[in-house]
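Comments concern the structure below.
Below is the structure:
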């Protein structure tokens, strides 16, 4: 991106007074709508998904990675189509993060901060993400500003707090960038912005390249580095993903919400927006505060400390903006297997002849039976794996403490 | 009629049937009457010599079938509220109904009160606390716990987060005290075997005892038999379930285990949990899932469990340092958990526990075993049969779906349903209405006056 392109994208002295008035207004309205959708105070089951799904960067990254079309993919594609014609349209007219950063930047400039000269990271992030996506794992998709904005909202309870703090810190870091280096994020780092540039410039650069660089010299200059850089970035992303996929994960894989795509891809496709965590009516989804390693940080994991994954609920799959949690019809919920229960007879109250039928009586699928052994004279829980979905009702109900006697383990 | 003919007749019939039922001639005297032969000395006297019972309706064999002819039963008592079963639900129901102002008669099959709580040695009080530590079993149930607390060595672990365990004998004593204080008429060693029904309404119940087969007439009957013997006999709809049947025991001298010798030994199995008596544990047993109404099964359970308890004790005693361990007792009552469950106007359901449903006709609140969930309400409808009148269920046989049965049958929840049934029966008697038409608001008001917790 050259200086002119940048000038076109950011505080433009030439823009009309009309635009100057209208743009912040439009973005302000979008900010309010985004907060309402994420809170969620807007009606509709999928409204929280709207905000992160608007990003064409996330949309195209997931389409490439999952090779499927998410039900909200048309949103991101529509925004993508608009920016093909109107450069950085989303940044100028809709981005709620941009509005926050403008505010921070204005404050920063008042404090004497200046826009530094830093290399453009954004296009590299975009290209690495798309390169990785081709191999099923879009790298750095979680850097999308809309996902980071959504990630600030979260349940503020004892267990969710560390993850919400980490997630909010991510967004605050972006705002802090805006305060100390006004414009740095939007022009140099933001992958959503860079992707819009790419969408706008790529057709033009291709056209000029086909014309043998005989067209508009300015345009040629602007687009010349793109194809080579694109290739490099994409190859870097793809090779990184390829290299990582060769390494077998040593940690146990986490327990994912229903409809989750397969494990190595999940950490790429998931933008860590936290929508599923907020939407879950039983509160069994939490953002991993780093228990399973860096790669899964802030991704949704299931816990059944107090409640279980309801037999008729598919809320998390409705609000996932990327398809990391694929849509499931509520009627098919019983077919989705989340994990496998493991019984530890060392702590099971039945082994001590205690009167307990918590797991059996709470199982919504009637999958647990207690089998009496005539030799040991004890009961042992036996699970019918045909019926069991790993919903965690048994684990939630298990009164054994501090360690539960029945625990859902990943498949 | 010729006396000698009568005697011969009678002997012949007894010989044929092999049964000695219907000793009705001895049964007429109520307990309050002066009993001949009762004296303060150590002596035995002849109450009647050369006596032959007149039993015109003795069972006989007709066409190869054992037939019991129609006969008139002596009426032992007429009362307002008849409570059948003196377990934890029945005792509380009787005390509650009497305190509410009704005349109450309580009959119990064993020689003590408390049923499975004491006679079954299920000494644990659990299911009265909800998440957060609140105790939802209040009223007479809490009174029992409080009074046990004041007795020496009667209850332990009555503190938040623990499960209180009682001494069976202390509980039996306390219940005698409370029943006498309330002024309830009691018949022990009296097994309710049938209902007296006219049309759709129960008029009383029939009992079998050493005094023979007798009837007690009542305005309202509370079925606290655990097995729903009375409502089932009256023709009320019920569900017949199987559950694990075990035999609880107590072992002693656990405080005399030689710790040094036992340190490297394998751990003893089935040694249970502590009781108020030092060094004595009560040992629960699940047993296999069987039909608790089948007498052959119950016999088999009793015998095989008894063998296991003894053999397990021997195994434990053979472990280093465990030589002193001994079997204090096996429970007088077999641990039958669930048999018949009433089909009532309403039911206790798991979905309502989860949703925290509040019933307009709430008469009690149940807690959580282990305190891992919230309180759940018991609707009055779960105590009332769909069709049969004048009978209320209390204890483990009230209408509860399978998944709730293991909560309903816990001792404190039996206190709660007993309390509710007792007050409701007394109100029905006072207001001269059927239990199903009772003014539930009035029942709730009285329950609250008696310090019950209704959410």
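Chains as they are written, first to last, in our numbering: chain B, 41 to 451; chain R, 531 to 985. We treat Cβ as the ideally placed atom computed from N, Cα and C, and that holds for glycine. Predicted, not measured: the structure shown is a model, and the values here were computed from it.
For residue i, the nearest candidate out of the options (CA to CA)
{"i": "residue 730(R)", "options": "953(R), 915(R), 925(R) and 974(R)", "result": "915(R)"}
{"i": "residue 169(B)", "options": "364(B), 381(B), 275(B) and 398(B)", "result": "275(B)"}
{"i": "residue 238(B)", "options": "171(B), 128(B), 209(B) and 353(B)", "result": "128(B)"}
{"i": "residue 820(R)", "options": "773(R), 734(R), 660(R) and 637(R)", "result": "773(R)"}
{"i": "residue 401(B)", "options": "881(R), 716(R) and 892(R)", "result": "881(R)"}
{"i": "residue 725(R)", "options": "758(R), 640(R) and 586(R)", "result": "758(R)"}
{"i": "residue 798(R)", "options": "848(R), 785(R), 810(R) and 568(R)", "result": "848(R)"}
{"i": "residue 662(R)", "options": "958(R), 970(R) and 902(R)", "result": "902(R)"}
{"i": "residue 70(B)", "options": "121(B), 131(B), 114(B) and 365(B)", "result": "131(B)"}
{"i": "residue 356(B)", "options": "346(B), 382(B) and 297(B)", "result": "297(B)"}
{"i": "residue 982(R)", "options": "893(R), 851(R) and 835(R)", "result": "893(R)"}
{"i": "residue 888(R)", "options": "984(R), 740(R), 594(R) and 666(R)", "result": "984(R)"}
{"i": "residue 623(R)", "options": "946(R), 891(R) and 958(R)", "result": "946(R)"}
{"i": "residue 810(R)", "options": "818(R), 782(R) and 836(R)", "result": "782(R)"}
{"i": "residue 186(B)", "options": "231(B), 154(B), 203(B) and 220(B)", "result": "231(B)"}
{"i": "residue 885(R)", "options": "347(B), 384(B) and 109(B)", "result": "347(B)"}
heavy atom of the ligand GTP below 6 Å from residue i C-beta
{"i": "residue 687(R)", "result": "As for the ligand GTP, it is missing from this structure, which has no ligand bound."}
Check whether residue i and residue j have beta carbons under 7 Å apart
{"i": "residue 980(R)", "j": "residue 669(R)", "result": "yes"}
{"i": "residue 461(B)", "j": "residue 800(R)", "result": "Residue coverage of chain B in this structure runs from 41 to 451, which leaves residue 461(B) outside it and unanswerable."}
{"i": "residue 846(R)", "j": "residue 833(R)", "result": "no"}
{"i": "residue 701(R)", "j": "residue 649(R)", "result": "no"}
{"i": "residue 89(B)", "j": "residue 315(B)", "result": "yes"}
{"i": "residue 96(B)", "j": "residue 116(B)", "result": "yes"}
{"i": "residue 233(B)", "j": "residue 162(B)", "result": "yes"}
{"i": "residue 931(R)", "j": "residue 867(R)", "result": "no"}
{"i": "residue 727(R)", "j": "residue 754(R)", "result": "no"}
{"i": "residue 653(R)", "j": "residue 696(R)", "result": "yes"}
{"i": "residue 822(R)", "j": "residue 813(R)", "result": "no"}
{"i": "residue 951(R)", "j": "residue 752(R)", "result": "yes"}
{"i": "residue 342(B)", "j": "residue 327(B)", "result": "no"}
{"i": "residue 872(R)", "j": "residue 737(R)", "result": "no"}
{"i": "residue 780(R)", "j": "residue 859(R)", "result": "yes"}
{"i": "residue 144(B)", "j": "residue 218(B)", "result": "yes"}
{"i": "residue 102(B)", "j": "residue 273(B)", "result": "no"}
{"i": "residue 149(B)", "j": "residue 92(B)", "result": "no"}
{"i": "residue 976(R)", "j": "residue 630(R)", "result": "yes"}
Counted within 10 angstroms of its Cβ, other Cβ atoms place residue i as buried (16 or more) or exposed
{"i": "residue 532(R)", "result": "Summary for residue 532(R): the model assigns pLDDT 44, below 50, so the residue's position carries little reliability, and this model does not support an answer."}
{"i": "residue 546(R)", "result": "Note that residue 546(R) scores a pLDDT of 45, beneath 50, so its modelled location is shaky and nothing firm can be said."}
{"i": "residue 966(R)", "result": "buried"}
{"i": "residue 557(R)", "result": "Low confidence applies to residue 557(R): its pLDDT is 43, below 50, so where it sits in the model is not reliable, and the reading given next is rough at best. With 16 or more other Cβ atoms within 10 Å, it is buried."}
{"i": "residue 580(R)", "result": "exposed"}
{"i": "residue 431(B)", "result": "buried"}
{"i": "residue 324(B)", "result": "buried"}
{"i": "residue 369(B)", "result": "exposed"}
{"i": "residue 599(R)", "result": "exposed"}
{"i": "residue 572(R)", "result": "exposed"}
{"i": "residue 793(R)", "result": "exposed"}
{"i": "residue 568(R)", "result": "exposed"}
{"i": "residue 437(B)", "result": "buried"}
{"i": "residue 562(R)", "result": "Note that residue 562(R) scores a pLDDT of 49, beneath 50, so its modelled location is shaky; the value from the coordinates is reported in the next line. By the 10 Å Cβ count, residue 562(R) comes out exposed."}
{"i": "residue 591(R)", "result": "exposed"}
{"i": "residue 445(B)", "result": "buried"}
Residue i: first and last residue of the uninterrupted beta strand (DSSP E) it sits in
{"i": "residue 770(R)", "result": "768-770"}
{"i": "residue 947(R)", "result": "Where residue 947(R) is concerned, there is no enclosing beta strand (DSSP E), although the alpha helix (DSSP H) it sits in stretches over 941-960."}
{"i": "residue 596(R)", "result": "595-597"}
For residue i, the first and last residue of its enclosing alpha helix (DSSP H)
{"i": "residue 983(R)", "result": "Premise fails: residue 983(R) is in no alpha helix (DSSP H) and is neither H nor E."}
{"i": "residue 580(R)", "result": "Careful: residue 580(R) lies outside any alpha helix (DSSP H) and carries neither H nor E."}
{"i": "residue 764(R)", "result": "759-764"}
{"i": "residue 124(B)", "result": "113-125"}
{"i": "residue 835(R)", "result": "825-847"}
{"i": "residue 749(R)", "result": "Per DSSP, residue 749(R) belongs to no alpha helix (DSSP H); it is in the beta strand (DSSP E), 742-753."}
Which residues, taken in chain order from the stretch 897-921 of chain R, show a beta carbon closer than 9 Å to some beta carbon of chain B?
898, 899, 900, 901, 902 and 903
The stretch 934-964 of chain R: which residues have C-beta closer than 7 Å to a C-beta of chain B, in chain order?
936
Closer than 8 Å between beta carbons: that is the criterion. Which residues of the stretch 809-820 of chain R meet it against chain B?
813, 814, 815, 816, 817, 818 and 819
To be precise: take each residue of the stretch 342-370 of chain B, compare its Cβ to all Cβ atoms of chain R, and keep it if any distance is under 7 Å. Which residues remain?
none
Interface residues of the stretch 784-808 of chain R facing chain B [CB-CB below 7 Å]:
800 and 802
If the cut-off is 7 Å on Cβ atoms, which residues from the stretch 820-840 of chain R count as contacting chain B, listed in chain order?
838
Residues of the stretch 564-594 of chain R whose Cβ lies closer than 9 Å to any Cβ of chain B, in chain order
none
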